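A.B. asks: Attaching a single structure in structure tokens format; questions to follow.
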Amino acid sequence: MKKQYIYKTAFYMMLIVIGTLFLYGCQSKESQEVNEEAASVEASQESQQDENLEKPQLEVEVVNVVEKKYEDILATYMNALPIKQSDEPVSSDEQKIWVADMKALYNEKGTSKAIYDLYKNGISKLAPKEADLFTAYAISGMRRNSFEDYVALESYALQTDFWDRFYKEAERYDYKYIKLSQNVEDIEDTEIKTLVIEAKDQGYYLASGEGMMFYLVDFTEFARNRDYNTEPMRDLLITLAMDTLEPIAADGGFIVSGDIIAARTYGMGKMLEDYEGTRYEKYMAIRFKDHMSMLLMGIDNSPTYNFEDQRLKEDSLKIFKEIQTLEDSYMAELVTEFMDLISNNDNILDEAVRTEAYEMLNKIDEKYNLTLEDISSFGTWMSGLGVEEE
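Position one of the sequence shown corresponds to residue 808 (our numbering), numbered consecutively onward.
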């Protein structure tokens, strides 16, 4: 009986040991599985982090708000200058005839209507190089004639009620006179309508300034045909057409905002970025310099400084600081140099500082290799006194 008790005790002890070992083994396996699962999750997270690091980050284009403002202003002008669809040019021999006819008409001092009609009929038949010369003679001839043709308007200007009637029509378009020509059917005054139509038929538009009535060449018509021209002439026509759409000054003062002057100057600078020194690029560079001068120092009745103390106006200072934020801009470089110049004089643009500023602008001549001959050539062309060929 005692012996049997010993055997039972030994057997129970053996079961306890086996059970303990079994439980220990299960716990070890479970712990191992948990550890392996945790390790797997950690590895997965690390892998995901690596994948995130390897993915290219989204590139967000930083838009310069000043540049966007100027581009928006320029886009408004461009929307008003749609391009006429171009045709294939005629043969080389036929093109020579068209150009020769325009040169002959120019040399014979043909009327603006004759020149304008020839231009409209011939421009679509020419290749870019020939179109440039054809266009240059047409513009110069019409500019020359405009200085004499306006005499026909003097008798109307002497009428006692003429100016009231004319300004009544112009006021509807904020005195943007080109809009009278573009909306001639809406003119109510019969006599004013007749004058506007006569101007339009000659390639002009009717304008007024300093108590006078005169003809100006409508450059929007040339700009609409710009697809026939080379890129330098094309760009030049666009800037001249902007002057038609919205003149910068009248009666010695600005009639547009400083932002508009800045935007148009900015646009010219962009057009000159791939400068090669062709004739019409040089003409553009000359206009760019003129606009920089107006931007920095203003004109007679609209200087950028106060008449009383010659201190830079706050609105001008604001525009200059905005321009300085433009990147890779020659215009911004010039403005920065100008700001350095006036800041050393307590922002006062006295005669000495203005003289230094004008000398600074001569760097534009150096950058674009402008000579006195180039400047004279541009003036001669725009005055209608001659056309210099390449």
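Glycine residues also receive a C-beta, built at the ideal position from the N, C-alpha and C atoms.
Owing to the predicted nature of the structure, the values given are computational and were not obtained by experimental measurement.
1) Please classify T883 as buried or exposed, where buried requires at least 16 other C-beta atoms within 10 Å of its C-beta.
2) Go through its chain and collect everything with a Cβ distance to L1052's Cβ below 7 Å, but skip five positions before and after it.
3) On the premise that M1091 lies in contact with M1104, defined as a C-beta separation below 8 Å, what is that separation, rounded to the nearest angstrom?
4) Just to confirm, is the Cβ distance from E1080 to V873 under 8 Å?
5) Should P1039 be labelled buried (16 or more other beta-carbon atoms within 10 Å of its own) or exposed?
6) Would you say the stretch 1053-1070 touches the stretch 1100-1115, given that touching needs at least three Cβ pairs under 8 Å?
7) Please list the terminal residues of the continuous alpha helix (DSSP H) segment that includes Y1073.
8) Under 8 Å, with one C-beta from each stretch per pair, do the stretch 1009-1019 and the stretch 946-961 reach the 3-pair mark?
9) My output table needs one value for S893: the three-state DSSP class, helix, strand or coil.
10) On the three-state DSSP scale, how would you describe P1039?
11) Does the distance from the CB of V1003 to the CB of L1023 come in under 8 Å?
12) Please classify A907 as buried or exposed, where buried requires at least 16 other C-beta atoms within 10 Å of its C-beta.
13) If we count the other Cβ atoms within 10 Å of its Cβ and call it buried at 16 or more, is N1032 buried or exposed?
14) So F941 and W970 are supposed to be a Cβ contact under 8 Å. How far apart are they, rounded?
15) Since M1020 sits in a beta bridge, which residues does DSSP pair it with?
16) Specify, as a first and last residue, the run of the alpha helix (DSSP H) that E937 falls within.
17) For A1164, name the three-state secondary structure that DSSP assigns.
18) Would K1089 be called buried (16 or more neighbouring beta carbons within 10 Å of its own) or exposed?
19) Drop a sphere of 10 angstroms on the beta-carbon of A959, count the other beta-carbons inside from all chains shown, and report buried for 16 or more, exposed for fewer.
20) Run through DSSP, which three-state label would A817 get?
21) From the DSSP secondary-structure annotation, give me the bridge partner or partners of R1118.
22) What does the alpha-carbon distance come out to for the pair A934 and N1036?
23) So, for E843: in the same chain, excluding its five sequence neighbours on each side, which residues have a beta-carbon less than 7 Å away from its beta-carbon?
24) Indicate whether N1176 and G1084 have their beta-carbon atoms separated by less than 8 Å.
25) Going by beta carbon distance, what residues of the same chain come within less than 7 Å of E1197, once the five residues before and after it are set aside?
26) Quick check on DSSP: helix, strand or coil for G929?
27) Put G1105 into one of helix, strand or coil per three-state DSSP.
28) DSSP beta-bridge partners for A1056?
C.D. replies: Let me spell this out:
1) exposed
2) Y884, A887, I985 and T1027
3) Not really, about 21 Å apart at Cβ, beyond 8 Å.
4) The answer is no: Cβ separation not under 8 Å.
5) buried
6) yes
7) G1065 to M1078
8) yes
9) Residue state, collapsed to three classes: coil.
10) helix
11) Going by C-beta atoms, V1003 is not nearer than 8 Å to L1023.
12) exposed
13) buried
14) The pair is not a contact, with the Cβ atoms about 38 Å apart (cut-off 8 Å).
15) S1015
16) P935 to D956
17) helix
18) Buried.
19) exposed
20) With a pLDDT of only 43 at A817, under 50, the local geometry of the prediction cannot be trusted, and no value is derived from it.
21) I1155
22) Distance between the alpha carbons of A934 and N1036 is about 7 Å.
23) Only weak support is given to the placement of E843: the predicted model assigns it a pLDDT of 47, under 50, and the question is left unresolved by the model.
24) yes
25) R1086
26) helix
27) strand
28) Beta-bridge pairing links A1056 to F1061.
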